[in-house]
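K.L.:
Every letter in the sequence shown is one number past the one before it in our numbering, and letter 242, counting from 1, is 356. Here a beta-carbon is modelled for each residue, glycine too, at the ideal position from N, C-alpha and C. Once you've had a glance at the structure underneath, I'll fire off some questions.
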Amino acid sequence: MVNRVKTTTMSVAALGDNGNLVLRDESEPRTSEVFWQSFDNPTDTLLPVAAVMVLLVIVMIYIRRKHISRTTKEVEGSLAAFWYKDDLQIATKNSSAKLGGDNESGIGVPFCSWESIIAATENFSDVNKLGRGGFGPLYKGMFHGGQEIAVKRLSSCSSQGINEFQNEIVLIAKLQHRNLVRLLGYCMKENEKILLYEYMANKSLDAFIFDKKLCMLLDGKKRFDIILGIARGVLYLHQDSRLRIIHRDLKTSNILLDEEMNPKISDFGLARIVEGKGIEASTNKVIGTYGYMSPEYASDGLFSIKSDVFSFGVVVLEIITGKRNTGFYQSTEDLNLLGYVWRLWSENKALDIVDPILLESCKKSEVIKCINVGLLCVEEDPSNRPTMLNVVFMLSGEIAVLPIPNQPAFVMRKRSSSNQPGLFSNNGLTVSIPQGR
115 MVNRVKTTTM
125 SVAALGDNGN
135 LVLRDESEPR
145 TSEVFWQSFD
155 NPTDTLLPVA
165 AVMVLLVIVM
175 IYIRRKHISR
185 TTKEVEGSLA
195 AFWYKDDLQI
205 ATKNSSAKLG
215 GDNESGIGVP
225 FCSWESIIAA
235 TENFSDVNKL
245 GRGGFGPLYK
255 GMFHGGQEIA
265 VKRLSSCSSQ
275 GINEFQNEIV
285 LIAKLQHRNL
295 VRLLGYCMKE
305 NEKILLYEYM
315 ANKSLDAFIF
325 DKKLCMLLDG
335 KKRFDIILGI
345 ARGVLYLHQD
355 SRLRIIHRDL
365 KTSNILLDEE
375 MNPKISDFGL
385 ARIVEGKGIE
395 ASTNKVIGTY
405 GYMSPEYASD
415 GLFSIKSDVF
425 SFGVVVLEII
435 TGKRNTGFYQ
445 STEDLNLLGY
455 VWRLWSENKA
465 LDIVDPILLE
475 SCKKSEVIKC
485 INVGLLCVEE
495 DPSNRPTMLN
505 VVFMLSGEIA
515 VLPIPNQPAF
525 VMRKRSSSNQ
535 PGLFSNNGLT
545 VSIPQGR
């Protein structure tokens with residue numbers, strides 16, 4: 115190979131394969147006469163050759179650095195991972211790498227390796243199983259550094275698909291509040307979809323209020339603090355966060371309790387962002403939990419911040435009474451919890467359905483206030499339900515005189531000659547949506 119360089123004296127410089135730099139007369143291209151060569155003058159070519167070598171080195175360094183920079187960016191958006199705290203393999207992911215999104219800035223949630231999850235849960239051992247929700251089992255995990263985590267493993271037959279999975283990750287990544295559960299990471303491997311949360315030592319609220327022994331640990335003050343904490347968490351979603359979010363699946367089993375019994379709202383798979391100043395949206399696919407869905411959502415697919423208010427009201431009444439809304443009470447009319455509370459409230463006997471533990475540990479006026487707020491939240495007409503801001507004001511005592519509630523949209527079980535129970539409401543609305551969780 116010969117590299118040619120044109121000189122200012124109309125001569126041609128050529129570097130031969132043997133390393134000899136020669137000069138020929140350009141005006142005589144056919145002649146092979148060489149009037150100068152480096153082999154005869156080694157000292158004259160030392161500096162030019164050295165300069166060329168330095169230039170080549172600089173060019174090579176520049177090219178390599180550019181390649182490394184491009185490769186690094188590709189790795190940051192790929193499935194690469196690194197060891198963190200001896201066991202947790204995480205790396206910030208670009209949402210398009212695994213989740214199919216187009217947000218180039220990334221979702222901001224750590225990606226956890228499948229191997230580290232297997233090790234942390236001891237291959238999803240039954241010993242570490244905390245329970246099972248509508249979307250799959252929940253496990254306790256621990257990394258070598260001692261960090262405890264809750265591992266939500268979505269069932270392959272779960273109704274929560276990739277869209278809900280991505281939705282939950284992206285939403286929680288943008289939310290920070292003391293009454294919202296914190297997402298630590300996620301993992302996807304073939305058909306496996308995993309979410310990692312901060313570990314809640316006391317599990318979920320329903321494990322306490324519906325258990326005859328554990329409910330005794332929740333006195334009046336703790337229950338009131340839990341109600342107020344949930345209200346503040348929902349208010350944050352509706353008004354105080356960067357996004358306006360409707361949870362759509364607020365229920366006692368989705369309220370987790372930390373070591374100090376502080377409530378944290380979880381499970382954002384069904385949550386929706388309402389754009390701009392909007393407060394209402396609709397869907398053709400009604401998914402939720404029977405007993406907590408507002409009537410307008412169950413029948414027409416309309417949901418709004420007032421749908422969450424309805425669900426919150428159900429949770430409040432369950433906390434105060436220690437009874438599930440999906441149960442039926444007062445055998446003569448088969449009323450569900452909302453109907454039963456309303457009947458006793460109308461007869462000025464609301465305290466008759468209150469969990470006795472509350473009456474022993476707090477003022478009756480506080481209990482009555484909670485029942486009043488709960489009934490206001492479950493009114494049939496969404497426009498009559500209070501906002502969560504007003505709910506917080508009422509619970510905290512900033513609103514001295516509470517409004518009088520109207521009859522709620524409760525459901526009764528209809529008896530028939532075939533003894534097959536059906537569902538109907540006091541307003542004729544059929545509510546027969548299957549439980550989605």
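How far does the alpha helix (DSSP H) with C491 in it extend, from its first residue to its last?
P.N.:
Per DSSP, C491 belongs to the alpha helix (DSSP H) from K478 to C491.
K.L.:
For G334, which residues does DSSP report across the bridge?
P.N.:
Answer is none; G334 lacks a bridge partner.
K.L.:
Please report the straight-line C-alpha distance between M115 and V173, rounded to a whole angstrom.
P.N.:
Bear in mind that the predicted position of M115 carries a pLDDT of just 48, short of 50, making it too unreliable to give a figure here.
K.L.:
Bridge partners of S318, per DSSP?
P.N.:
Note: S318 sits in a beta bridge opposite L370.
K.L.:
Rounded to a whole number of angstroms, what is the C-alpha to C-alpha distance between Q290 and V423?
P.N.:
Cα to Cα, Q290 sits roughly 21 Å from V423.
K.L.:
At what residue ranges does the region 490 to 523 contain a whole run of the alpha helix (DSSP H), taking only runs of 4 or more?
P.N.:
Qualifying alpha helix (DSSP H) stretches, in chain order: 502 to 509.
K.L.:
Which residue's Cα is closest to the Cα of G259: D495, D325, G299 and S230?
P.N.:
Nearest option by C-alpha distance: S230.
K.L.:
If we call anything under 8 Å between Cβ atoms a contact, is A287 one with G334?
P.N.:
Not closer than 8 Å, so no.
K.L.:
Between the region 376 to 390 and the region 404 to 413, do three or more beta carbon pairs fall short of 8 Å?
P.N.:
Judged by Cβ distances under 8 Å, the region 376 to 390 makes no contact with the region 404 to 413, as fewer than three pairs qualify.
K.L.:
Consult DSSP for K303 and reduce its assignment to one of helix, strand or coil.
P.N.:
Strand at K303.
K.L.:
If we count the other Cβ atoms within 10 Å of its Cβ and call it buried at 16 or more, is L473 buried or exposed?
P.N.:
L473 is exposed by the Cβ-count criterion.
K.L.:
If we count Cβ pairs, one from each stretch, closer than 8 Å, do we get three or more for the region 343 to 360 versus the region 304 to 312?
P.N.:
The answer is no - the region 304 to 312 does not touch the region 343 to 360, with fewer than three Cβ pairs under 8 Å.
K.L.:
Which term fits K420, buried or exposed, when burial requires 16 or more other beta carbons within 10 angstroms of its beta carbon?
P.N.:
With 16 or more other Cβ atoms within 10 Å, it is buried.
K.L.:
Is the Cβ-Cβ distance between L451 and G436 less than 8 Å?
P.N.:
No, they are not a contact pair.
K.L.:
From the DSSP output, read off the bridge partner residues of G245.
P.N.:
Its beta-bridge partners are L252.
K.L.:
In chain order, what residues of the same chain have a beta carbon less than 6 Å from the beta carbon of E218, not counting five sequence neighbours either side?
P.N.:
Model confidence at E218 stands at a pLDDT of 34, short of 50, so the residue's coordinates are unreliable; what they give is reported in the following sentence. Nothing meets the Cβ criterion.
K.L.:
Tell me, please, whether the region 458 to 475 touches the region 492 to 510 by the rule of three or more beta-carbon pairs shorter than 8 Å.
P.N.:
In short, these stretches do not touch, since the Cβ pair count stays below three.
K.L.:
Buried or exposed: V241, going by 16 or more other Cβ atoms within 10 Å of its Cβ?
P.N.:
Classification for V241: exposed.
K.L.:
For the putative contact between L310 and Y300, defined by C-beta atoms under 8 Å, what is the C-beta separation to the nearest angstrom?
P.N.:
At roughly 7 Å, the Cβ-Cβ gap stays under 8 Å, so L310 and Y300 are in contact.
K.L.:
Please state the DSSP three-state secondary structure of L357.
P.N.:
Reduced to three states, the DSSP call for L357 is coil.
K.L.:
Beta strand (DSSP E) containing R267: first to last residue?
P.N.:
Element bounds for R267: E262 to R267.
K.L.:
If we count Cβ pairs, one from each stretch, closer than 8 Å, do we get three or more for the region 509 to 523 versus the region 357 to 376?
P.N.:
Too few Cβ pairs lie closer than 8 Å, so no.
K.L.:
Are there 16 or more other CB atoms within 10 angstroms of the CB of V171, so buried, or fewer, so exposed?
P.N.:
The residue is exposed, with fewer than 16 neighbouring Cβ atoms inside 10 Å.
K.L.:
Look at I360 and F279 and say whether their C-beta atoms are less than 8 Å apart.
P.N.:
Going by C-beta atoms, I360 is not nearer than 8 Å to F279.
K.L.:
Tell me whether R566 is buried or exposed, calling it buried when 16 or more other Cβ atoms sit within 10 Å of its Cβ.
P.N.:
Not covered by the structure: residue 566. The range shown for the chain is 115 to 551.
K.L.:
Are the CB atoms of L431 and W459 within a distance shorter than 8 Å?
P.N.:
It is not a contact, given that the beta carbons lie outside the stated cut-off.
K.L.:
Distance, Cα to Cα, C491 vs S425?
P.N.:
Approximately 8 Å, taken between the alpha carbons.
K.L.:
Tell me the rounded alpha-carbon separation between N376 and I340.
P.N.:
Near 6 Å, if we compare the C-alpha coordinates of I340 and N376.
K.L.:
What's the gap between the Cα of V429 and the Cα of N281?
P.N.:
Going by the C-alpha atoms only, they are around 24 Å apart.
K.L.:
Terminal residues of the continuous alpha helix (DSSP H) containing L631?
P.N.:
No information on residue 631 is available, as it lies outside the stretch 115 to 551 that the chain covers here.
K.L.:
Anyone know if the C-beta pair for G405 and K317 falls short of 8 Å?
P.N.:
No. Outside cutoff.
K.L.:
Out of curiosity, what's the CA-to-CA distance linking G415 and R362?
P.N.:
Using only the alpha carbons, I get a separation of about 11 Å.
K.L.:
Using the beta-carbon count (16 or more within 10 Å), is K478 buried or exposed?
P.N.:
Exposed is the call here.
K.L.:
Quick check on F279: does DSSP put it in helix, strand or coil?
P.N.:
If DSSP states are grouped into helix, strand and coil, F279 belongs with the helices.
K.L.:
For L349, which residues of its own chain have a beta-carbon under 7 Å away from its beta-carbon, when the five flanking residues on both sides are left out?
P.N.:
The residues are M502, L503 and V506.
K.L.:
Could you say which of N520, N439, R438 and L297 lies nearest to K266 if we only look at CA atoms?
P.N.:
Nearest option by C-alpha distance: L297.
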